[in-house]
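A.B. asks: So that we are looking at the same thing, I have put the structure below in structure tokens.
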Amino acid sequence: MASTWHEQQERREMTAPDDRPINEDWERRPSDVARKLAAGDDFVLIDCRRPDELEIASLPWNEHVPLQELSSQLEKLAPYEDDEVIVYCHHGVRSLNFVAILREAGFENAWSMAGGIDRWSQQIDDSIPTY
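In this note's numbering, the protein residues as written are 232 to 362.
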């Protein structure tokens with residue numbers, strides 16, 4: 232069976248080097264997010280992975296809105312429309328899709344965390360399990 236475009240992108244993302252260039256128009260590095268957290272900057276961190284993935288590994292400072300539920304949860308996120316919003320997933324593919332939907336809905340300051348929680352674990356906090 233042929234894989235979907237999203238599955239192909241996720242496989243590419245999983246094999247991409249950790250130092251791959253990021254799209255500055257759409258992504259923020261995990262190190263940038265870590266600095267924002269350490270500085271106490273005001274922003275919203277959203278985990279868009281499935282609930283079963285959340286049980287494996289998660290960052291403690293986030294909202295959880297699975298990508299599959301975004302259309303029904305946009306109203307819940309409305310209070311954050313004018314805030315900086317950073318979204319992460321496993322490897323950074325779903326979060327880019329999530330951010331595209333947010334931007335279409337008027338969230339002009341929405342970003343994907345490049346490489347997702349996997350890269351966070353590799354570069355910021357190795358106590359976060361990889362899977």
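All C-beta atoms, glycine included, are put in the ideal place defined by N, C-alpha and C.
Give me the residue from Ile253, Pro252, Pro261 with the minimum Cα distance to Asp357.
C.D. replies: Here the closest residue by C-alpha is Pro261.
A.B. asks: Across which residues does DSSP place Ile317 in a beta bridge pair?
C.D. replies: Beta-bridge pairing links Ile317 to Leu276, Trp342.
A.B. asks: Please determine, among Pro310, Arg266, Leu327, the residue with the shortest C-alpha to C-alpha distance to Glu255.
C.D. replies: Out of Pro310, Arg266, Leu327, Leu327 has the C-alpha closest to the C-alpha of Glu255.
A.B. asks: Between which residues of its own chain and Thr361 is the CB-CB distance below 6 angstroms, once the five residues before and five after are set aside?
C.D. replies: Cβ within range, chain order: Asp349, Ser352.
A.B. asks: Going by DSSP, what residues sit across from Glu294 in a beta bridge?
C.D. replies: DSSP, once it has assigned bridges, lists Ile277 as partnering Glu294.
A.B. asks: Going by DSSP, name the residue or residues bridged to Glu258.
C.D. replies: Note: Glu258 sits in a beta bridge opposite Ser343.
A.B. asks: Return yes when the Cβ of Val316 is within less than 8 angstroms of the Cβ of Met344, no when it is not.
C.D. replies: No, the Cβ-Cβ distance between Met344 and Val316 is not below 8 angstroms.
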